[in-house]
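Just so we're aligned, residue 1 is where the sequence shown starts under the UniProt record's numbering, counting upward by one. Notes follow the structure.
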Amino acid sequence: MALTFHFAARSDVGLVRKDNQDSGYAGPHLLVVADGMGGHAGGDIASATVITELVEIDHDSLTASEASTQLSRAITSANQEIARTFEDNPELEGMGTTVTAIMRARNKLILAHIGDSRAYLLREGRLAQVTKDHSFVQTLIDEGRITEEEASTHPQRSVVTRVLTGAADDEPDVGAREARDGDRYMLCSDGLSGFVALDTIEEILAGDSAPGRAADSLVSLAIRAGAPDNVTVIVADVVEASTTPSTQPQVVGSAALRRPAKRVDNSPAGRAAALTAEDDDEGVELDEEGSSSRGGRWLRRVGALVVALLLVGAAAYAGYAWTQQQYYVGAQDGQVTIYRGVAQNLGPITLHSVVDQTDIPLSELPSFYRDEVQATISVDSRTAADQRVDSLRVAAKKCGQLRATGEPCGR
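This is the structure:
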């Protein structure tokens with residue numbers, strides 16, 4: 001029985017940070033979360049570098065041994081690139097990133113991990129952590145000096161002991177697991193696991209059948225908990241390849257904010273790698289049926305191009321119907337607004353309509369969120385759109401409280 005991933009990836013800057021230093025990638029054979037660190041820009045670069053290197057190995061037909069070798073080599077290559085970046089830019093001293101990655105190899109899963117990002121497995125309704133943190137508090141737990149409960153409030157709980165920093169001995173733990181139909185994996189940065197209780201995470205993952213809705217709910221919970229850190233979540237179900245709906249690769253976080261100025265191939269890895277290239281004045285050109293894209297909005301624009309092709313052909317109605325099953329959060333008249341459709345027009349044909357203009361003024365949002373809304377935020381459903389709006393409302397309220405005390409609320 002051939003297996004694959006049915007997945008969704010989400011990332012949010014949180015309510016305190018100015019920039020998103022997390023990066024994530026979800027594809028049919030590969031899942032990756034990287035949590036960057038190292039001050040201004042450095043963490044962004046480190047985590048995006050990991051995604052750039054690893055998306056190249058998102059392909060099928062590998063044995064477990066081959067996948068393990070390729071995954072290890074790709075992480076080593078990313079670490080070497082981080083070292084080269086630091087050599088060229090000494091001001092980035094101290095930058096680094098966690099990596100938690102799962103690669104499917106037929107009916108095996110290869111897991112690579114370094115740092116305190118996490119991977120969890122939900123099997124038969126029970127959630128278990130399948131990675132072990134490389135952190136100071138985990139060392140104290142292993143030595144019996146503190147309990148798991150005490151670790152959650154320890155003042156040094158954010159101190160990591162192993163990450164990719166460009167040093168030659170920065171190597172991840174690598175292991176293999178059986179891929180089982182019906183299993184659900186969740187990868188996340190500590191912006192989720194550090195602020196949302198495990199039993200709550202388990203309840204969400206066990207209760208929502210769609211990966212996208214589950215991921216949206218988890219990010220929303222982290223936002224409601226105050227979200228002092230970036231939050232990145234990937235939810236992936238192991239399913240039979242013949243039954244899963246088609247899901248395009250997704251890039252989120254800092255890696256999604258970069259685009260190339262060169263031609264790239266139209267394979268899943270090529271499209272995803274394109275999203276992590278340096279920003280430039282020119283857009284990306286995809287072979288054949290590709291489209292220009294920026295960050296998390298690339299899926300919507302690819303969808304819009306598909307619609308255009310369908311409208312030209314005999315399947316025009318089916319293409320239009322597809323757009324009307326999509327939703328996004330944008331702006332109208334200075335207010336956060338939920339739209340049905342895609343944020344594109346095809347000649348005289350408008351492919352979107354307003355569903356709900358909320359009471360949230362753009363001016364009350366932190367600038368990072370305001371920029372996201374103005375650029376539009378694609379979601380999987382109306383429910384997901386409502387959840388996203390709830391998160392924005394919390395962010396606006398928090399921002400207002402901080403401004404009232406004279407404190408900054410983010411960029």
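All C-beta atoms, glycine included, are put in the ideal place defined by N, C-alpha and C. Keep in mind that this is a model prediction, so the values were computed, not measured.
Three-state class that DSSP yields for residue i in the structure shown
i, result
"P211", "helix"
"K108", "strand"
"I146", "coil"
"L127", "strand"
"E178", "strand"
"S117", "coil"
"N20", "coil"
"Q335", "strand"
"T247", "coil"
"T323", "helix"
"D35", "strand"
"V163", "coil"
"R388", "helix"
"A9", "strand"
"L365", "coil"
"D170", "coil"
"L15", "coil"
"G226", "coil"
"E407", "coil"
"D280", "Note that D280 scores 38 on pLDDT, short of 50, meaning its location in the model is unreliable and no value can be drawn from it."
Beta carbon proximity, residue i to chain B, threshold 8 Å
i, result
"V231", "Given the protein chain composition of this structure (a single chain), no chain B is represented."
Cβ-Cβ distance between residue i and residue j below 8 Å
i, j, result
"G27", "P249", "yes"
"I110", "A46", "no"
"G96", "L192", "no"
"A2", "A241", "yes"
"V329", "A404", "no"
"V174", "S72", "yes"
"A255", "Y25", "yes"
"V160", "S135", "yes"
"I102", "L31", "yes"
"D380", "R184", "no"
"G253", "D58", "no"
"P228", "V16", "yes"
"S220", "D208", "no"
"G94", "G42", "yes"
"V99", "A83", "no"
Sheet register partners of residue i (DSSP bridge)
i, result
"M95", "Bridge partners of M95: none, in fact."
"E240", "L3"
"S152", "In DSSP, S152 forms no bridge with anything."
"G253", "S23"
"S135", "V160"
"S378", "Y328"
"Q357", "T337"
"V233", "R10, C188"
"I102", "L31, L111"
"L122", "L127, R184"
Exposure label - residue i; buried when at least 16 CB within 10 Å
i, result
"A167", "exposed"
"E53", "buried"
"residue 473", "With the chain represented from 1 up to 411, any question about residue 473 goes unanswered, as that position is not in the structure."
"P211", "buried"
"I223", "buried"
"T323", "buried"
"S391", "buried"
"S353", "exposed"
"D359", "exposed"
"E372", "buried"
"D169", "exposed"
"G406", "exposed"
"Q387", "buried"
"G36", "buried"
"I349", "exposed"
"S61", "exposed"
"T243", "exposed"
Cβ-heavy atom distance, residue i to the ligand GDP, below 7 Å
i, result
"H134", "Among the components of this structure there are no ligands whatsoever, and the ligand GDP is therefore not found."
Threshold first: 3 residues or longer. Then list the beta strand (DSSP E) segments lying entirely within the region 180 to 209, N to C.
184 to 188
Which runs of the alpha helix (DSSP H) fall wholly inside the region 59 to 83 and span at least 4 residues, in chain order?
Taken in chain order, the complete alpha helix (DSSP H) segments of 4 or more residues contained in the region 59 to 83 number zero; there are none.
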